[in-house]
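If you read the protein sequences in the order shown, they are chains A and B. For what it's worth, UniProt numbering labels the leading residue of the first sequence as 1, then goes sequentially. For what it's worth, UniProt numbering labels the leading residue of the second sequence as 1, then goes sequentially.
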Amino acid sequence: MSRRKSTLKLTTGECIDEVQRLLREKLSHDSVTTQVFGLETQRRHLLDIIKRCVNMGESNSAIIIGPRGSGKSMILKSILEEVKLEDNVQDNLLEVHLNGLLQTDDKVALKEITRQLQLENTVGDKVFGSFAETLSFLLEALKSDKKTSRPVLFILDEFDLFAHHKNQTLLYNLFDISQSAQTPIAVFGLTCRLDVIELLEKRVKSRFSHRQIHIFSSLSFDEYIDAFLDILSLPKTFPDKNFTKEWNSHIQSLNDDNITIDVLRRIYQNNKSIGALKRLLLLPVCRLSEDHPFIRSTDLLESCQYLTMDSKAAMLHGVSVLELCLIIAMKHLTTLYDGDPVNFQMVYNEYQKFIQRRGHSVQCYEKAVVLKAFEHLLALEMIKPADGGQRSQKEYRPMMLLVDAMQIDDALQKYPNCPTEVKQWNMTEFHA
Amino acid sequence: MASGKIGKDSSCYGYSKERIDEIHNTLPCRESQISTLLALFGKPSHAAYSSIFIYGHTASGKSAVITTILQTLQLPHAIVNCVECYTQRLLYEHILNQVGDVIPSPDNNYSCYARCDNMNDFVRLLKNLIEEKELGSRTLFIVLDKAERLRDMDANILPALLRLQELSNCNICVILISEIVLEKFRTGTGFHEPFVLHFPDYSKDEMLEIISHDCPSDYSPSFYISYVNLLMSIFYMVCRDLNELRHLAQLNFPKYIEPILKGEATVENAPKLWRNIQPHLQKALQTIYLREVSSAQWEKYQLENVEGAGSLPNLLSLRSSVELPYYSKYLLIAAYLASYNPTRTDKRFFSKHHGKINKHKLKKTEKISFQLLGPKPFPLERLMAIFYSIVEGKVAPTANIFSQISSLVSLHLVSHVSSDDQLDSAKYKCTVSLDFIRSIARTVNFDVVRYLYDFV
């Protein structure tokens, strides 16, 4: 083996290809296990619960709470992988993965449980009286081949969505089995809602073990940089040793680069999660090529600009001058009426006043043309109707402006060939 | 600006250089977006990022770029339009049909790949299909155009599509295309963040470059560009939509070259051509741009106009003319007056022996507020009172008169305000514009402006 390794020498193109394959996998698949940062206690706690369920037949339930992209699924997956390494577990443990986004009601969920436990044949065309009966039949059926029942692990992703099912039948039955029945089951809920317990009905809540595991990203900035370096570094298993060394030393050198640290700090202050870090790194990794084999700090800067772009200001850049005038008129009117909604007729009136008083280079357009521009703004959702009904005429429908003054100023700065009067009109304090 | 990047990026990702060049050639002025997308897609076997969100204005080449890339590079893909697929079942079955190459036709009795009602089945079927099709690790692209419609569907669909890769464990990349920014998609407990890509609007020069591609073969591109430049000077302030401008350019070109065909001007004589086309384009802004005249009508008008006198028959007044019976006209005028005048001024306007008018008192602070704020509701009695005071001669309150009111409602010229009681205390609102009521009043020789509070 070692003989082969030492002779392996890839061209730069092949190396880049391999690097991309490795890193893209890491960055785009969320649940691919990477090193766990600062979550050792939580991990140990979860591992303990699962091991006790598998080895001692102890039923349990827990909810894992953490914001999006904090690594809830990743931790659970890495633990399961670890548990499965024990030989008695491998063929004994059954997993059922449910997701609140997919199983939108209990009927679908039950079908999915049957499918994942591979009991479709056993159930066949049997008709059951109740949900609980079906579920207990399913778990009973698992017993048939041995006298002791096999432990079942229920993993409910997007747990809060299951709480919105009618009567919370699924949750009630799962927790009920974990409390009373003989079959050892462990129920894990993954959610990003902190108040998920409040969503549960009283009877469901009382059967839940109230074990909550919080996964909050408590990384300090130094740890964050470590995570950054760890994600980008190549593992020891990479075929070309020389390239690995070169790459890793290059990644380490990014640590000393001021621009990189600055970019990372900006992203960190915005969002501490590893998910956001991965999004930052995606574009620089994708852009690697033979002419450009290493990630430079300017790549990170460019990617950061992509992520922090103000999308509304970007959209404002593309509207026509007439539409821009309407937005400015609406802004002035909104400040005049203390944020009350205004209708098209008022905006048009204001626009006409501007044309008569100041607009020398801006032409006055017919009302129907202006109305078309106004409706385009409505389609772009830069303004929205303040009333619910469709009763009133288009001209008199109360509307709210959804762009704020800062964004308008920003857009006007960058607007190509903006007439000076329009700019001045925007700047003037509005007097009725 | 982005041209430097082409040479660097074009030969990589395992595609031949010709293919990449072909993409760049068919889509001018989109170099940096194409290279970013190609980088994100990577090689077919690479793991793609789970979702990409593309936003930009109408006609900024969003769908064109994606479709061209996917088709030219022959990547496995499914493209659906969310306006067409207005229920989740249609959405799922469209995607499955496209991935599975099933086309509903008489041969297969219009059947789909499989019946699929919910997200759970969709993910399961899609997984089976990917195995069946032996896509292996090749990325499957699912493109959802007009993605803002996904917000109107069930709440689980958008978040589930955004993490389809994780849910199905397959190499799938979901691309959402929309005109609306991502912020407006956020609901509930959030979703897996997609990679956001902005397609900026074309600058004026870029637009000219693109439009010059459909120059007629008998004329030089520079001549066509100078024509489009003239067109832009009229339309660019109002309209930035490339499709609209292209359409207008093609429609008005025959008129522009008319003097040349007649021999009155040459290709070089730009000022003369400009003088000829300018009023024509101004008229186009008021008619064809608003679609009050259809393109076919406009072309016909241009042809007739060659001989001279042909004019668009009352097209401008088209939106403010409708044939009504005599009393209906008066009823409508009365409704308008009732809607736009305050009740307290009725006595002054409509009774014969009103006291002295204090003009100072009338001209108060907010003078034209009623024209601005829109019509106010009024009861039926007030309408009839005003009607009798403005109509000449004696009119019996027959069933005819009252049925005319309800026919005005069904014509949407007057609308019911509160529908709680049809007979007693019914309230109405007049929903026509001032121009419209003026032209109606002119036909019966009634000076409506004299009776309007706002204009006194």
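Cβ atoms here follow ideal geometry from the backbone N, Cα and C, with glycine treated the same way.
Strand pairing of residue i, partner residues [DSSP]
i	result
I152 of chain A	This sequence places Val at residue 152 of chain A; Ile is not what is there. A:L94, A:I185, per the DSSP bridge assignment.
V293 of chain B	For V293 of chain B, which the question treats as bridged, DSSP gives no partner whatsoever.
V422 of chain A	V422 of chain A pairs with nothing; no bridge assigned.
P379 of chain B	B:K427
I177 of chain B	B:I54
N60 of chain A	A:A186
H292 of chain A	A:S289
P385 of chain A	A:M399
S415 of chain B	B:K429
N99 of chain A	A:D157
D145 of chain B	B:N81
L140 of chain B	B:I172
Cα-Cα separation between residue i and residue j, rounded to whole angstroms
i	j	result
Q74 of chain B	Y15 of chain B	10 Å
M56 of chain A	H292 of chain A	55 Å
E132 of chain B	I157 of chain B	25 Å
E307 of chain B	L273 of chain B	Below a pLDDT of 50, predicted positions are generally treated as unreliable, and E307 of chain B, at 48, falls in that range; no measurement from the model is reported.
V319 of chain A	H97 of chain A	47 Å
E381 of chain A	L281 of chain A	31 Å
R151 of chain B	F53 of chain B	14 Å
L371 of chain A	Q286 of chain B	12 Å
I20 of chain B	L38 of chain B	9 Å
Y219 of chain B	T36 of chain B	36 Å
A396 of chain B	Y256 of chain B	59 Å
L23 of chain A	T428 of chain A	52 Å
K423 of chain A	H247 of chain B	31 Å
I437 of chain B	Q407 of chain A	41 Å
D9 of chain B	A276 of chain A	Here the model assigns D9 of chain B a pLDDT of 43, short of 50, so the residue's position is not dependable and the matter cannot be decided.
G42 of chain B	A48 of chain B	7 Å
D338 of chain A	K384 of chain A	17 Å
V123 of chain B	L90 of chain B	15 Å
L144 of chain B	I23 of chain B	21 Å
Closer than 9 Å to chain B by CB, residue i
i	result
E366 of chain A	yes
residue 436 of chain A	Since the displayed chain A opens at 1 and closes at 432, residue 436 of chain A lies outside it and no answer follows.
H332 of chain A	no
C15 of chain A	no
G100 of chain A	yes
S61 of chain A	no
N426 of chain A	no
P416 of chain A	yes
D160 of chain A	yes
T191 of chain A	yes
N270 of chain A	no
Proximity test, Cβ basis, 9 Å: residue i and chain A
i	result
R240 of chain B	yes
T189 of chain B	yes
Q286 of chain B	yes
H192 of chain B	yes
V174 of chain B	no
N118 of chain B	yes
Check whether residue i and residue j have beta carbons under 9 Å apart
i	j	result
G189 of chain A	S273 of chain A	no
L324 of chain A	F374 of chain A	no
Y172 of chain A	H317 of chain A	no
I101 of chain A	V108 of chain A	A small correction: the amino acid at residue 101 of chain A is Leu; Ile does not occupy that position in the sequence shown. Contact: no.
L39 of chain A	I16 of chain A	no
R30 of chain B	F199 of chain B	yes
Q393 of chain A	P375 of chain B	yes
V369 of chain A	V432 of chain B	no
K429 of chain B	V414 of chain B	yes
Q371 of chain B	L332 of chain B	no
L94 of chain A	L142 of chain A	yes
S328 of chain B	S407 of chain B	yes
Y396 of chain A	L290 of chain B	no
Which of the residues in the segment 311-323 of chain A, read from start to end, lie with their CB under 9 Å from any CB of chain E? Looking at the structure shown, chain E is missing, and the protein chains on hand are A and B.
Kindly provide the ranges of any alpha helix (DSSP H) runs that are 4 or more residues long and lie completely inside the segment 63-127 of chain B, ordered along the chain. DSSP runs (the alpha helix (DSSP H)) wholly in the segment 63-127 of chain B: 88-99.
For the segment 168-220 of chain A, list the alpha helix (DSSP H) runs that are entirely contained and at least 4 residues long, ordered along the chain. For the segment 168-220 of chain A, whole alpha helix (DSSP H) runs of length 4 or above, ordered along the chain, are 169-179, 196-199, 202-207.
Which whole runs of the alpha helix (DSSP H) in the UniProt domain "ORC5 lid" (224-285) of chain B are 4 residues long or more, in chain order? The qualifying runs are 242-262.
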